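Take a look at the structure set out below.
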Amino acid sequence: MGVSVVRIRVLVVDDHRIFAESLAAALAAEPDVDVAAAGSGPAALRCLERAAAEGRGYDVMLIDAELGILAATRGRRTPVPAPRSGEDGPVDGISLVAAVRAGRPSVRTVVLAERDDPARAALALQAGASGWVAKDCSLQRLLTVVRGVLRDETHLPPALLTGVLRELTAARKHRTESEQLVESLTPREREVLRCMVAGLGRKAVAERLFLSPHTVRTHMQNVLGKLGVHSTLAAVALARRAGVGPVDLEPVLLGSVSP
Numbered sequence: 125m126g127v128s129v130v131r132i133r134v135l136v137v138d139d140h141r142i143f144a145e146s147l148a149a150a151l152a153a154e155p156d157v158d159v160a161a162a163g164s165g166p167a168a169l170r171c172l173e174r175a176a177a178e179g180r181g182y183d184v185m186l187i188d189a190e191l192g193i194l195a196a197t198r199g200r201r202t203p204v205p206a207p208r209s210g211e212d213g214p215v216d217g218i219s220l221v222a223a224v225r226a227g228r229p230s231v232r233t234v235v236l237a238e239r240d241d242p243a244r245a246a247l248a249l250q251a252g253a254s255g256w257v258a259k260d261c262s263l264q265r266l267l268t269v270v271r272g273v274l275r276d277e278t279h280l281p282p283a284l285l286t287g288v289l290r291e292l293t294a295a296r297k298h299r300t301e302s303e304q305l306v307e308s309l310t311p312r313e314r315e316v317l318r319c320m321v322a323g324l325g326r327k328a329v330a331e332r333l334f335l336s337p338h339t340v341r342t343h344m345q346n347v348l349g350k351l352g353v354h355s356t357l358a359a360v361a362l363a364r365r366a367g368v369g370p371v372d373l374e375p376v377l378l379g380s381v382s383p
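Counting along the sequence shown from 1, when you hit position 185 you're at 309 in the numbering used here, and nothing is skipped either side.
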């Protein structure tokens with residue numbers, strides 16, 4: 125009797141068709157690896173959904189760090205066509221990592237990069253990636269990373285460690301500064317800020333909080349002033365860095381249908 129092999133299901137996501145097909149073929153030669161390829165973020169998400177519905181979800185995604193960037197800017201000759209503007213889903217690699225982390229947290233993501241970039245590597249880790257690997261690394265190195273992330277290991281090239289730690293420390297500092305600014309708000313101003321994060325306009329905020337539009341306008345101006353920003357978009361970005369989430373809209377929706 126033969127011994128059953130636990131197979132690792134891998135999805136390669138890269139808009140450079142030749143690279144994606146070559147890597148997929150190399151991985152498929154391994155006895156314990158099943159592999160498929162997708163040419164865009166939306167296509168990758170569709171692959172994940174289809175595989176999950178069939179009960180054979182992917183274990184690891186290998187995602188191009190520059191996914192979605194025009195091939196002409198990268199010296200490529202045979203790109204996969206870019207996603208149509210109306211196509212749903214993330215286009216760039218970091219956004220795809222975040223989308224997978226949110227929707228399929230059991231799937232590990234590893235970013236494949238043409239060059240070392242501490243800033244983007246830090247962003248990838250913050251988005252939920254388990255690794256950052258050079259595209260020109262050996263197949264054995266890549267397989268080591270794939271198997272490692274399935275054991276909840278995080279893999280980075282040694283040359284990137286110092287830069288990534290510096291970027292993550294700076295990001296934490298910015299988050300701390302943002303948190304301190306948010307803490308300077310009154311409870312009512314924080315409530316208004318959460319409404320702003322939810323995308324509510326002045327009138328909707330007024331209706332939700334049972335305030336006059338003039339009072340809401342004053343609160344919003346105070347929020348911008350205390351946060352040191354000049355627009356709602358900037359205030360929302362700062363709030364998100366500080367971990368401020370949107371106000372729950374469910375009660376308002378339920379209330380709107382009550383007699």
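Virtual Cβ for every residue (Gly too), placed ideally from N, Cα, C.
In this text, all values refer to a predicted model and were calculated from it rather than measured experimentally.
Span of the alpha helix (DSSP H), counted from its first residue to its last, around residue i
| i | result |
| --- | --- |
| T342 | P337 to L351 |
| S262 | Here S262 belongs to no alpha helix (DSSP H), and DSSP marks it neither H nor E. |
| F143 | R141 to A152 |
| E313 | P311 to V321 |
| R390 | The structure shown has nothing for residue 390, since the chain only spans 125 to 383. |
For residue i, the residue or residues it bridges with in DSSP
| i | result |
| --- | --- |
| L220 | DSSP output for L220 lists no bridge partner at all. |
| M185 | L135 and T233 |
| V159 | V134 |
| H279 | G255 |
| H354 | Bridge partners of H354: none, in fact. |
Own chain, CB closer than 7 Å to residue i, minus 5 neighbours either side, in chain order
| i | result |
| --- | --- |
| V360 | M320 and V321 |
| N346 | E313 |
| A363 | V306, L317 and V321 |
| L284 | D240, P242, A245 and W256 |
| V329 | V316, C319 and V340 |
| E154 | L267 |
| V353 | A359 and L362 |
Collapsed DSSP secondary structure at residue i in the structure displayed
| i | result |
| --- | --- |
| A290 | Checking the displayed sequence, the identity of residue 290 turns out to be Arg instead of Ala. DSSP places R290 in helix when its eight states are reduced to three. |
| R180 | coil |
| L236 | strand |
| V273 | helix |
| V257 | strand |
| E190 | coil |
| V306 | helix |
| V360 | helix |
| A366 | coil |
| R170 | helix |
| R244 | helix |
| R228 | coil |
| R198 | Only weak support is given to the placement of R198: the predicted model assigns it a pLDDT of 45, under 50, and the value that follows is read from those uncertain coordinates. If DSSP states are grouped into helix, strand and coil, R198 belongs with the helices. |
Own chain residues within Cβ distance below 6 Å of residue i, not counting five before or after
| i | result |
| --- | --- |
| A160 | L135 |
| D158 | R131 and R133 |
| P205 | Interpretation of P205 is limited by its pLDDT of 37, a score under 50 that renders its predicted location unreliable; the figure taken from the coordinates is listed afterwards. For P205, where only same-chain residues beyond five positions count, there are no Cβ hits under 6 Å. |
| A144 | V136, D138 and A161 |
| L247 | I218 |
| L147 | V136 |
N- and C-terminal bounds of the beta strand (DSSP E) containing residue i
| i | result |
| --- | --- |
| R133 | I132 to V137 |
Beta-carbon contacts of residue i that lie in its chain and below 8 Å, excluding the five residues immediately before and after
| i | result |
| --- | --- |
| K350 | L305, S308, L309 and E313 |
| R265 | V257 |
| V371 | E315, R318, C319, V321, A322, L324 and R332 |
| P281 | D240, W256, V257 and A258 |
| D156 | V129, V130, R131 and I132 |
Cutoff 7 Å: residue i Cβ touching any chain B Cβ
| i | result |
| --- | --- |
| A223 | Looking at the structure shown, chain B is missing, and only one protein chain is on hand. |
heavy atom of the ligand NAD below 6 Å from residue i C-beta
| i | result |
| --- | --- |
| V136 | The ligand content of the structure shown is nil, which means the ligand NAD is not present either. |
Three or more C-beta pairs below 8 Å linking the segment 244 to 262 and the segment 222 to 235 = Counting Cβ pairs under 8 Å, three or more are found: they touch.
Would you be able to state if there are at least three C-beta pairs under 8 Å between the segment 173 to 180 and the segment 214 to 225?
-> Taking 8 Å as the limit for Cβ pairs, the verdict is that the segment 173 to 180 does not touch the segment 214 to 225.
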